[in-house]
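Visitor:
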Amino acid sequence: MLSAYEGFRGGAPPLRVRAANDRGVNSGGSFVLYWMIANRRARYNFSLNRATAWARELGRPLVVLEALRVDYPYASERLHRFVIDGMADNQRAFADGPVLYYPYVEPYVGAGRGLLERLSADASVIVTDDYPCFFLPQAVRAAADRVAVRLEVVDSNGLLPLAAVPQAYPAAVHHRRFMQGALRSHLSDWPSPAPDLSSLPGRLKALPLDVTTRWPAATQELLSGSPVALEALPIDHVVRPVGMRGGSRSAEVALGAFVNERLSSYDQRHNHPDDRGTSRLSPYLHFGHIAAHHVFDAVMKHEQWTVGRLGGRPSGAREGWWGVSNPAEAFLDQLVVWRELGFSTCAKRPHDYDRFEGLPEWAQQTLLRHADDPRPFVYDRAAFEAGATHDPLWNAAQREMVRDGWMHNYMRMLWGKKILEWSASPVEALDTMTALMNRWSLDGRDPNSYAGYMWVLGRYDRPWPERPIYGTVRSMSSESAMRKIRVARYLAESRHSGLFDR
1289 MLSAYEGFRG GAPPLRVRAA NDRGVNSGGS FVLYWMIANR RARYNFSLNR ATAWARELGR
1349 PLVVLEALRV DYPYASERLH RFVIDGMADN QRAFADGPVL YYPYVEPYVG AGRGLLERLS
1409 ADASVIVTDD YPCFFLPQAV RAAADRVAVR LEVVDSNGLL PLAAVPQAYP AAVHHRRFMQ
1469 GALRSHLSDW PSPAPDLSSL PGRLKALPLD VTTRWPAATQ ELLSGSPVAL EALPIDHVVR
1529 PVGMRGGSRS AEVALGAFVN ERLSSYDQRH NHPDDRGTSR LSPYLHFGHI AAHHVFDAVM
1589 KHEQWTVGRL GGRPSGAREG WWGVSNPAEA FLDQLVVWRE LGFSTCAKRP HDYDRFEGLP
1649 EWAQQTLLRH ADDPRPFVYD RAAFEAGATH DPLWNAAQRE MVRDGWMHNY MRMLWGKKIL
1709 EWSASPVEAL DTMTALMNRW SLDGRDPNSY AGYMWVLGRY DRPWPERPIY GTVRSMSSES
1769 AMRKIRVARY LAESRHSGLF DR
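Counting from 1 along the sequence shown, just add 1288 to a position and that's the residue number in my numbering.
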């Protein structure tokens, strides 16, 4: 019965754990199930910590199910390959321990239906990941109604628990001020860098035969990166895999390279596409292949930081609070303030975080007032997608995303602003930004990408001097950008790359 375990607090801070249904814990179940859907990693993972604690409490083996549908929005070879790379890493991470890891890749639409429900019949309790946007909240709600036992949702998204943030703040300065006052008390609640699984009950020998027959585990051919196996799946085959490999191993290599080679100049170089000074960790953060806690640990170790260096009274200022170097401070503002602002907006405004109607009233009004202003250029979505505008710098940004599955951080702002300027309406501009980045970028479909689209249209910002088309929403121009940032190599690479090359 649930009542016997209502006070169980193991594995994760209570603020990070919530029940998704009112089912009971089945103490006679065969295993504890961790349904891995967002925190796709074996380290720094509160969900895994919580599932491990349940397994110890109940004396049951732990099973990790990592499943991948073929009909999620924008499913493609690019996104599938990245997730499956992570599955291969997770299979290796759990191979020699007491955890049974089960990777499942749906071979056709609907093939995976019923898998979680069937496993719940034998489970004691199910733990899954809290992720506040895209289709995942809806998937968890649907699963909560179908499974036979208690389903818990665990937040491992950022340094601050989402439940600790009281509102969706209208600007970064407000979120930063709150964070500066609240974070210190959460720094002692940290996910395990390398969870100790040695005290878990023995490994489950196998899942029931009817499960492995109807829903067979992903083949080694698919997990090893076979193009043939990927091409057999009913997904978007135009959006091809890119050179960046997914998974926790590659994420940790990327983190090490950034901290050791680029962090020290981050504040000076991250806005310049030619300098390649950004972290490029966003795809790994998006797919949960690395945790924000892990990145924070690596940066602070490099800085030889201790919590005693934190500033005092919260002011909301960007500089001076962390007690670290200027480059590290600039990076932490992106990792902790802006990233977690996007997550809290999605969590607190689930119905309009991605809708025009969710913009501040002033932004909606000014954009609609100027919706009929003459536009010097108007492009449809196909022209934008093909990088076929009159603007070489904008085309370079679009080509980078199509070619590499990623777009430079500064260029994302310009890219979005020009889509607003060259679209028939602001609503159409939002639809175009969402569709293009969600389809082509590895880190699309994320609270941060939605925050970016909405920033283009005025969220998190203030009114500026009025201009045609933009109204009082901040504008940007390619001419101004080319005076501020270094882009010669960036433009040259764009000219020499073919769009949609196979």
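The C-beta atom is built at its ideal place from N, Cα and C for all residues, glycine as well.
When DSSP builds the beta bridges, which residues end up paired with S1578?
Guide: Note on residue identity: the sequence assigns Ile, not Ser, to residue 1578. Answer is none; I1578 lacks a bridge partner.
Visitor: So, at 6 Å on beta carbons, what are the nonlocal neighbours of D1417 in its own chain, with the 5 sequence-adjacent residues on each side left out?
Guide: The answer, listed in chain order, is I1325, A1326, N1327 and S1335.
Visitor: With a floor of 4 residues, list each alpha helix (DSSP H) that falls wholly inside the stretch 1509 to 1589, ordered by position along the chain.
Guide: Complete alpha helix (DSSP H) runs here, min 4: 1515 to 1519, 1536 to 1545, 1554 to 1557 and 1570 to 1574.
Visitor: I need the straight-line Cα distance from S1713 to D1661, nearest angstrom please.
Guide: Roughly 10 Å between the two C-alpha positions.
Visitor: Could you tell me which uninterrupted alpha helix (DSSP H) segments, each at least 4 residues in length, are contained entirely in the stretch 1739 to 1784, listed from first to last along the chain?
Guide: Whole alpha helix (DSSP H) segments, 4+ residues: 1766 to 1772 and 1776 to 1783.
Visitor: Suppose contacts are defined by Cβ-Cβ distances below 8 Å. Is G1740 in contact with R1700 by that definition?
Guide: In contact: G1740 and R1700 (Cβ atoms closer than 8 Å).
Visitor: Compute the Euclidean distance between the alpha carbons of Y1360 and I1523, then round it to the nearest angstrom.
Guide: Whole-angstrom Cα-Cα distance: 9 Å.
Visitor: Keeping to the same chain, check which residues put their C-beta closer than 6 Å to that of E1754; ignore five residues upstream and five downstream.
Guide: The answer, listed in chain order, is T1760.
Visitor: Rounded to whole angstroms, how far is the Cβ of W1503 from the Cβ of L1403, which I believe are closer than 8 Å?
Guide: That belief holds up - the Cβ atoms of W1503 and L1403 are roughly 5 Å apart, short of 8 Å.
Visitor: So does the stretch 1310 to 1321 actually touch the stretch 1351 to 1369, counting three or more Cβ pairs closer than 8 Å?
Guide: Verdict: yes, contact present.
Visitor: Between the Cα of Q1556 and those of A1482, T1566 and K1706, spot the shortest distance and give me the residue it belongs to.
Guide: Answer by Cα proximity: T1566.
Visitor: Indicate the three-state DSSP secondary structure (helix, strand or coil) for L1471 in the structure shown.
Guide: Looking at L1471 - three-state DSSP - the assignment turns out to be helix.
Visitor: Does DSSP put E1354 in a helix, a strand or coil?
Guide: It is a strand residue.
Visitor: Using 8 Å as the threshold, is the stretch 1619 to 1631 in touch with the stretch 1726 to 1738, meaning 3 or more CB pairs across them?
Guide: Touching, yes.
Visitor: Can you check whether the C-beta of H1577 is within less than 8 Å of a C-beta belonging to chain D?
Guide: Included in the structure is just one protein chain, with no chain D present.
Visitor: On a Cα-Cα basis, can you pick out the residue from F1370, W1682, L1702 and N1333 that is closest to P1515?
Guide: Ranking F1370, W1682, L1702 and N1333 by Cα distance to P1515 puts F1370 first.
Visitor: Along the beta strand (DSSP E) that carries F1334, what are the first and last residues, could you check?
Guide: First-last for F1334: F1334 to L1346, but that is the alpha helix (DSSP H), not the beta strand (DSSP E).
Visitor: Closest by CA to G1400, which one among Q1379, P1420, I1414 and A1431?
Guide: The candidate whose alpha carbon is nearest that of G1400 is A1431.
Visitor: Give every residue of the same chain whose Cβ lies closer than 6 Å to the Cβ of L1702, excluding the five residues on either side of it in the sequence, and list them in chain order.
Guide: Same-chain partners within the cutoff: M1764 and A1769.
Visitor: Going straight from the alpha carbon of A1330 to that of A1482, what length do you get?
Guide: Near 8 Å, if we compare the C-alpha coordinates of A1482 and A1330.
Visitor: Going by DSSP, which residues form a beta bridge with S1632?
Guide: The partner list for S1632 (beta bridge, DSSP) is empty, contrary to what the question assumes.
Visitor: Please return the same chain residues whose Cβ sits closer than 7 Å to the Cβ of S1552, not counting the five positions on each side in sequence.
Guide: Closer than 7 Å at the Cβ level, and outside the excluded window around S1552, lie P1615.
Visitor: Can you give me the C-alpha to C-alpha distance between K1493 and L1724, rounded to a whole angstrom?
Guide: Taking the straight line joining both Cα atoms gives about 44 Å.
Visitor: Using CA coordinates, which residue listed in R1643, A1684, E1767 and K1706 is at the minimum distance from D1668?
Guide: Nearest option by C-alpha distance: K1706.
Visitor: What does the Cβ neighbour count give for H1581, buried or exposed, with the cut at 16 atoms within 10 Å?
Guide: By the 10 Å Cβ count, H1581 comes out buried.
Visitor: Spatial neighbours of K1636 within its chain, please: CB distance less than 7 Å, with the 5 preceding and 5 following residues excluded, ordered by chain position.
Guide: If we look at K1636 and ignore the five residues flanking it on each side, its Cβ neighbours are Q1455 and A1456.
Visitor: To the nearest angstrom, how far is the alpha carbon of A1381 from that of R1311?
Guide: Taking the straight line joining both Cα atoms gives about 31 Å.
Visitor: Give the straight-line distance between the Cα atoms of K1589 and N1548, rounded to the nearest whole angstrom.
Guide: When rounded, the distance between both Cα atoms is 11 Å.
Visitor: Compare the beta carbon distance of G1374 and S1536 with 8 Å and say whether it is the shorter of the two.
Guide: Closer than 8 Å, so yes.
Visitor: From the DSSP output, which residues share a beta bridge with S1364?
Guide: Looking at the DSSP assignment, S1364 forms a beta bridge with D1524.
Visitor: Give the C-beta separation of L1521 and L1681 to the nearest angstrom, bearing in mind that I take them to be a contact with Cβ-Cβ under 8 Å.
Guide: At roughly 36 Å, the Cβ-Cβ gap does not stay under 8 Å, so L1521 and L1681 are not in contact.
Visitor: Less than 8 Å between C-beta atoms, sequence neighbours within five positions excluded: which residues of the same chain meet that for V1666?
Guide: Contacts found: W1710, S1711 and A1712.
Visitor: Answer with buried or exposed for Q1468, where buried requires no fewer than 16 other C-beta atoms within 10 angstroms of its C-beta.
Guide: Result: buried.
Visitor: Go to S1408, then tell me how far its beta strand (DSSP E) extends in each direction, as first and last residue.
Guide: First-last for S1408: L1403 to S1408, but that is the alpha helix (DSSP H), not the beta strand (DSSP E).
Visitor: Check each candidate in V1393, G1599, L1488 and L1346 and name the one with the smallest Cα separation from R1357.
Guide: The candidate whose alpha carbon is nearest that of R1357 is V1393.
Visitor: According to DSSP, what are the bridge partners of D1417?
Guide: DSSP output for D1417 lists V1442 as bridge partner(s).
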